[in-house]
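Novice:
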Amino acid sequence: MRTTRFRLVHMLAGAVIAVLLGIHMVVIHLDSILRFFGANTANTTSWQAMIERAGQGTWVGIYIALLAFVLYHGFYGLRGVILEVTTSAKTTRIVTWTLIIVGIVTFIWGSYVPIALLSS
Amino acid sequence: MANSSLKQITFKVQRYNPEDSNPPYLEEFTIPSSRGMTVLDGLIYIKENLDSTLSFRTSCRMGICGSCGMLINNYPHLACHTQIEEFHSNTLTVKPLPNQPIIKDLVVDLMPMFNVHKSMKPYIIRHDTKETENPTAEFAQTPEEVNAFLQFTYCIKCGICVSACPTSASDKLFLGPQALAQCYRYCADSRDDGQQERLSVVDADHGAWHCHLAGACSEACPKGLDPALAIQLLKRQMASQALGLRRKKRPSPVVPPLTETKPKVPFPEFTVKDNR
Chain C
1 MRTTRFRLVH MLAGAVIAVL LGIHMVVIHL DSILRFFGAN TANTTSWQAM IERAGQGTWV
61 GIYIALLAFV LYHGFYGLRG VILEVTTSAK TTRIVTWTLI IVGIVTFIWG SYVPIALLSS
Chain D
1001 MANSSLKQIT FKVQRYNPED SNPPYLEEFT IPSSRGMTVL DGLIYIKENL DSTLSFRTSC
1061 RMGICGSCGM LINNYPHLAC HTQIEEFHSN TLTVKPLPNQ PIIKDLVVDL MPMFNVHKSM
1121 KPYIIRHDTK ETENPTAEFA QTPEEVNAFL QFTYCIKCGI CVSACPTSAS DKLFLGPQAL
1181 AQCYRYCADS RDDGQQERLS VVDADHGAWH CHLAGACSEA CPKGLDPALA IQLLKRQMAS
1241 QALGLRRKKR PSPVVPPLTE TKPKVPFPEF TVKDNR
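Here the protein sequences line up with chains C and D, keeping their order. Read left to right, the first sequence gives residues 1 to 120 (the numbering used here). Read left to right, the second sequence gives residues 1001 to 1276 (the numbering used here).
The structure is reproduced here in structure tokens:
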């Protein structure tokens, strides 16, 4: 049930992305709507607000989790698309390992920034 | 039938002979068509009267054998199950089923499909070899248990679902709706104990999860089956198993011998007395 487990994680990642991206969108980009409902929001897209969020563990956690799930969901989906047009087992292996390596490198690179900002 | 009711229909039939170097081309035949005439009747008319070299597969002529699947006006149909007048047109284009290699003219090679079908182990698998080799009675099955898979037993293996499937068109290694539906048919059978063997085949990169749920297979199936539903139910089985939510069910036992028999209904009295 290996492929099934990967697929289930892919679906779960989609649902988690919807939630985490929803939080990001509402807090950062829909602040005018939050203000309409009486929430006290400052200019959330300013540099100062961004640095402030970067110092909060919850936000760093949300961004790292979002990055991980987006990378898995996107790359696993891309692998599925590429595999649909290839019949070669060798190409399948190359595609799989390339995407795994690119995914891990991107994750390390992408999560370094919020961790560095949190610890500074 | 009177000649006045005959209508002239032009058949544009795709011709291809692998022994020639010519690519497939369309050849036109004009035939007389009457009410109730099927596309297969038209092809038989062409073969008998106009061009005996035309090749197509046919057998039962009543939608049972699944031999005469072909692309009629760019949609896969059984030729024997499709009347010419359904199209309300004086021209019909007849081509071989797509997503299958062409052998000649309208004859496609269904062996790849049959090989995938075979890999699904389309038979009841049980581990009580003593009973399966020397059966003593039938296996118990309730009507509800039969209904879980009954519609999928009506598959005639015509290959129309595979031809309609957009995933089969782009992914040459995709197992296809026919085989996946048959996999579900046997996995859902309460008498069967071979789910592990089958699910390990469909739990692959080009297996059940590769179905995009276009639903074209269900729409095209000439027997009214719903292979897309079978694939989704198969996915559910696989997901339950992967998450450990599936309870191990023992296959149906053999029906126990009757312990008592009902007395026979007495023969009714004659209502008309013979007074002779």
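For glycine and all other residues, C-beta sits at the position ideal for the given N, C-alpha and C. No experiment lies behind these values; they were computed from the predicted model shown.
Mind checking whether S1218 of chain D and P1076 of chain D have CB atoms under 8 Å apart?
Specialist: no
Novice: Within a Cβ cutoff of 6 Å, which residues of the same chain sit near H1081 of chain D, ignoring the five residues on either side of it in sequence?
Specialist: G1063 and P1222
Novice: By the criterion of Cβ-Cβ separation under 8 Å, what are the contact partners of L8 of chain C in chain D?
Specialist: A1239, A1242 and L1243
Novice: Applying a beta-carbon distance threshold of less than 8 Å, which residues of chain D neighbour V85 of chain C?
Specialist: S1170 and D1171
Novice: Closer than 8 Å, Cβ to Cβ, to anything on chain C: give me those residues from the region 1204-1227 of chain D, in chain order.
Specialist: A1204, D1205, H1206, G1207, W1209 and H1210
Novice: Apart from the five residues on each side of it in sequence, which residues of its chain come closer than 7 Å, Cβ to Cβ, to D1193 of chain D?
Specialist: I1125, R1126, H1127 and P1251
Novice: Less than 7 Å separating the Cβ of A39 of chain C from some heavy atom of the ligand HEM?
Specialist: By its list of ligands, the structure shown contains no ligand whatsoever, and the ligand HEM lies outside what it can speak to.
Novice: Tell me, which residues are paired with L1078 of chain D by DSSP?
Specialist: D:G1069
Novice: Check each candidate in D:L1180, D:F1270 and D:E1197 and name the one with the smallest Cα separation from L1234 of chain D.
Specialist: It is D:L1180.
Novice: Whose C-beta lies closer than 6 Å to the C-beta of A1079 of chain D among residues of the same chain, with five residues either side of it excluded?
Specialist: V1039, L1040, C1068 and M1070
Novice: Does the CB of T91 of chain C have a neighbour CB from chain D at under 8 Å?
Specialist: no
Novice: Could you tell me the alpha carbon to alpha carbon distance between N1090 of chain D and S1033 of chain D, rounded to whole angstroms?
Specialist: Taken atom to atom, the span from the alpha-carbon of N1090 of chain D to that of S1033 of chain D is near 10 Å.
Novice: Leaving out the 5 sequence neighbours to the left and right, which residues in its chain are closer than 8 Å to T96 of chain C when beta-carbon positions are compared?
Specialist: R79
Novice: Taking the alpha helix (DSSP H) that I1125 of chain D belongs to, which residues open and close that run?
Specialist: From DSSP, I1125 of chain D is part of no alpha helix (DSSP H); its letter is neither H nor E.
Novice: With a threshold of 8 Å between beta-carbons, can T4 of chain C be considered close to chain D, or not?
Specialist: At least one chain D Cβ lies under 8 Å of T4 of chain C.
Novice: Quick one: Cα of G1244 of chain D to Cα of P1253 of chain D, how far?
Specialist: 24 Å
Novice: Give every residue of the same chain whose Cβ lies closer than 6 Å to the Cβ of F1149 of chain D, excluding the five residues on either side of it in the sequence, and list them in chain order.
Specialist: R1185, A1188 and D1189
Novice: Apart from the five residues on each side of it in sequence, which residues of its chain come closer than 8 Å, Cβ to Cβ, to Q1008 of chain D?
Specialist: T1030, I1031, P1032, S1033 and N1090
Novice: Just curious, the beta strand (DSSP E) that I1009 of chain D is in, first and last residue?
Specialist: K1007 to R1015
Novice: Return the first residue and the last residue of the alpha helix (DSSP H) that Y63 of chain C is part of.
Specialist: G57 to E84
Novice: Looking at the unbroken beta strand (DSSP E) that takes in Y1025 of chain D, where does it start and where does it end?
Specialist: Y1025 to S1033
Novice: At 4 residues or longer, and completely inside the region 1200-1244 of chain D: list those alpha helix (DSSP H) runs for me, N to C.
Specialist: Unbroken alpha helix (DSSP H) runs of no fewer than 4 residues, entirely contained in the region 1200-1244 of chain D, are found at 1216-1220 and 1227-1242, following chain order.
Novice: Looking at the strands, I want to know which residues DSSP matches up with W16 of chain C.
Specialist: The amino acid at residue 16 of chain C is misidentified as Trp; the sequence shows Val. According to DSSP, V16 of chain C bridges with nothing at all.
Novice: Just to make sure I have the definition right: I need the residues of chain D whose C-beta is within less than 7 Å of the C-beta of M50 of chain C. Which are they?
Specialist: Residues of chain D with a Cβ closer than 7 Å to the Cβ of M50 of chain C do not exist, since the nearest Cβ in that chain sits about 39 Å away.
Novice: Taking just the CA atoms, how far does V81 of chain C sit from P1098 of chain D?
Specialist: 21 Å
Novice: Using the rule of at least 16 other Cβ atoms within 10 Å of the residue's Cβ for burial, across every protein chain shown, is S1021 of chain D buried or exposed?
Specialist: exposed
Novice: D1095 of chain D and Q1182 of chain D look like a contact to me (Cβ under 8 Å); what is the Cβ gap, rounded to whole Å?
Specialist: Looking at the sequence shown, residue 1095 of chain D is not Asp but Lys. Not confirmed; about 26 Å, so no contact.
Novice: Looking at chain D, which residues of the region 10-30 of chain C have a Cβ within less than 8 Å of any of its Cβ atoms?
Specialist: Per Cβ criterion, the list is empty.
Novice: Are there 16 or more other CB atoms within 10 angstroms of the CB of K1157 of chain D, so buried, or fewer, so exposed?
Specialist: K1157 of chain D comes out buried.
Novice: Given this structure, state the Cα-to-Cα distance separating T1153 of chain D from A1230 of chain D, to the nearest angstrom.
Specialist: 11 Å
Novice: Runs of 3 residues minimum, wholly inside the region 1089-1170 of chain D: which ones carry the beta strand (DSSP E) assignment?
Specialist: Complete beta strand (DSSP E) runs here, min 3: 1091-1095 and 1102-1104.
Novice: For F1270 of chain D, is the classification buried or exposed, using 16 other Cβ atoms within 10 angstroms of its Cβ as the cut-off for buried?
Specialist: Only exposed fits F1270 of chain D, as fewer than 16 other CB atoms lie within 10 angstroms of its CB.
Novice: Taking C-beta to C-beta, are L71 of chain C and H24 of chain C nearer than 8 Å?
Specialist: no
Novice: P1135 of chain D to R1191 of chain D, Cα distance in whole Å?
Specialist: 13 Å
Novice: What number of angstroms, rounded off, separates the C-alpha of A39 of chain C from the C-alpha of H29 of chain C?
Specialist: 14 Å
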